[in-house]
């Protein structure tokens with residue numbers, strides 16, 4: 001199901017500026033030279049606003065079941081970034097979208113009247129201005145421990161279909177890690193309580209079950225949201241070795257989180273996708289990253305935990321962890337000062353897991 005919302009706004013913007021037909025403008029846009037020749041900076045900015053608004057859509061907002069429970073991720077045209085909607089229903093999302101369009105219209109009118117200069121309107125586009133603002137707001141939200149706000153700002157950056165900087169991808173990762181971490185911890189606690197209550201035959205078991213499912217729905221929305229960003233924008237745009245490994249590892253991690261509380265065919269599907277993502281990351285890392293690289297070690301750590309906890313393959317988990325540990329120890333003299341702290345910490349975690357896993361088998 002898809003709603004085209006930007007056409008009317010685009011046409012009215014063009015009419016206000018006396019810039020003609022939308023279809024004609026799109027034809028001009030195909031030729032950068034003609035576009036820049038015909039429109040001065042002020043009207044060019046208005047044209048870009050109109051073109052961005054024209055492609056503004058709500059893409060697959062709801063399926064039949066999502067109409068009641070809320071939406072997962074809403075894609076909006078590149079000029080307006082992306083909004084994450086977790087637990088919000090269709091009507092709430094629609095109102096939020098209309099407010100964005102109203103704000104855009106106000107700025108377009110002010111631009112037309114000469115009340116603001118074109119550079120100010122850059123905040124409506126995915127250029128350097130809005131990127132810098134989003135990154136700054138993400139850092140601010142992190143300090144305030146408002147991780148949903150942090151994620152929303154970093155999603156707008158991640159949706160630009162370009163290679164993210166190390167700082168940008170780390171901010172994105174931190175935001176989602178801090179959103180999923182408390183939910184996963186809550187799920188484990190409630191699941192433990194549920195199991196104890198079942199043994200005691202308490203009548204409140206159904207209430208606990210409903211609450212557990214509520215947590216699972218929230219966690220699923222967050223995980224599917226970041227996986228959509230990874231698969232749609234980040235992996236296709238990754239050109240560096242570190243970027244590819246980072247995003248494939250993230251894909252493996254968040255599919256693993258979905259596997260933790262899923263059952264039946266759905267669990268099997270998530271586990272397979274997690275396995276494939278970890279294998280893709282490992283294939284790149286083992287060829288192009290040194291054995292002591294924190295990213296390669298972190299991948300080995302998470303992949304081995306996946307084998308142990310999800311696939312119930314302790315032998316494979318121990319083999320993978322031990323090989324990563326031994327390979328890194330062999331190259332320890334080449335470890336750079338920059339990555340020393342991170343690498344040694346992960347090595348310690350690998351060794352702790354190996355000790356735990358091997359002792360439990362004895």
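In the UniProt record's numbering, the protein residues as written are 1 to 362.
Note that beta-carbon positions come from the ideal geometry of N, C-alpha and C, so glycine has one too.
Asked, Found
"Near residue 32, which residues of its chain fall below 8 Å by C-beta distance, leaving aside the five closest residues on each side in sequence?", "Because residue 32 sits at a pLDDT of 49, beneath the cut-off of 50, its placement in the model cannot be relied upon, and the point is left open."
"So what's residue 116 in DSSP terms, helix, strand or just coil?", "Residue placement at residue 116 cannot be trusted, given a pLDDT of 37 that sits under 50; the coordinates are not used to answer."
"From what residue to what residue does the alpha helix (DSSP H) around residue 294 run?", "294 to 309"
"Ignore the nearest five residues each way along the sequence and tell me which others in residue 281's own chain have a CB closer than 7 Å to its CB.", "245, 248, 249, 252 and 299"
"Over what stretch of residues does the alpha helix (DSSP H) that includes residue 314 continue unbroken?", "314 to 330"
"So, at 8 Å on beta carbons, what are the nonlocal neighbours of residue 354 in its own chain, with the 5 sequence-adjacent residues on each side left out?", "318, 321, 322 and 325"
"Mind pulling the alpha helix (DSSP H) runs of 4 or more residues that sit fully within the region 177 to 261?", "205 to 229 and 241 to 261"
"Going straight from the alpha carbon of residue 148 to that of residue 312, what length do you get?", "33 Å"
"What residue ranges within the region 129 to 176 form continuous alpha helix (DSSP H) runs of no fewer than 4 residues, ordered along the chain?", "147 to 158"
"Cutting at 7 Å between CB atoms, please list the residues of its own chain near residue 254, excluding the five before and the five after it.", "223, 226 and 227"
"Rounded to whole angstroms, what is the Cα-Cα separation between residue 359 and residue 301?", "18 Å"
"What do you get for residue 230, buried or exposed, if any count of 16 or more other CB atoms within 10 angstroms of its CB means buried?", "buried"
"What is the DSSP secondary structure of residue 276, counted as helix, strand or coil?", "helix"
"Can you tell me the Cα-Cα spacing of residue 342 and residue 258, whole angstroms?", "27 Å"
"Leaving out five residues on either side along the sequence, give the residues of the same chain with a beta carbon under 8 Å from the beta carbon of residue 349.", "301"
"Between the Cα of residue 330 and those of 337, 292 and 305, spot the shortest distance and give me the residue it belongs to.", "292"
"Would residue 336 be called buried (16 or more neighbouring beta carbons within 10 Å of its own) or exposed?", "exposed"
"Per the contact definition of three or more C-beta pairs closer than 8 Å, is the region 155 to 170 in contact with the region 201 to 210?", "no"
"For residue 263, does the count of other Cβ atoms within 10 angstroms reach 16, so buried, or fall short, so exposed?", "exposed"
"Grab me the residues of residue 307's own chain with a C-beta within less than 6 Å of its C-beta, minus the 5 sequence neighbours each way, in chain order.", "313, 316 and 317"
"Determine the direct distance from the alpha carbon of residue 199 to that of residue 232, and round the result to whole angstroms.", "44 Å"
"Which word fits residue 165, buried or exposed, when buried means at least 16 other C-beta atoms lie within 10 angstroms of its C-beta?", "exposed"
"Compare the beta carbon distance of residue 163 and residue 237 with 7 Å and say whether it is the shorter of the two.", "yes"
"Three-state secondary structure (DSSP) at residue 290?", "coil"
"Please classify residue 340 as buried or exposed, where buried requires at least 16 other C-beta atoms within 10 Å of its C-beta.", "exposed"
"Just confirm the distance between the C-beta atoms of residue 261 and residue 210, as a whole number of angstroms; I'd bet it's less than 8 Å.", "Not quite, the Cβ-Cβ distance comes to about 14 Å (not below 8 Å), so this is no contact."
"Whole angstroms is fine: what's the gap from residue 176's alpha carbon to residue 151's?", "6 Å"
"With a threshold of 6 Å on Cβ separation, who are the neighbours of residue 137 within its own chain once the five nearest residues in sequence on each side are excluded?", "153"
"Excluding the 5 residues flanking residue 242 on each side, which residues of the same chain have their C-beta closer than 7 Å to its C-beta?", "295"
"Quick check on this structure: which residue in 277, 141 and 332 has the alpha carbon closest to the alpha carbon of residue 235?", "277"
"Determine the direct distance from the alpha carbon of residue 201 to that of residue 285, and round the result to whole angstroms.", "50 Å"
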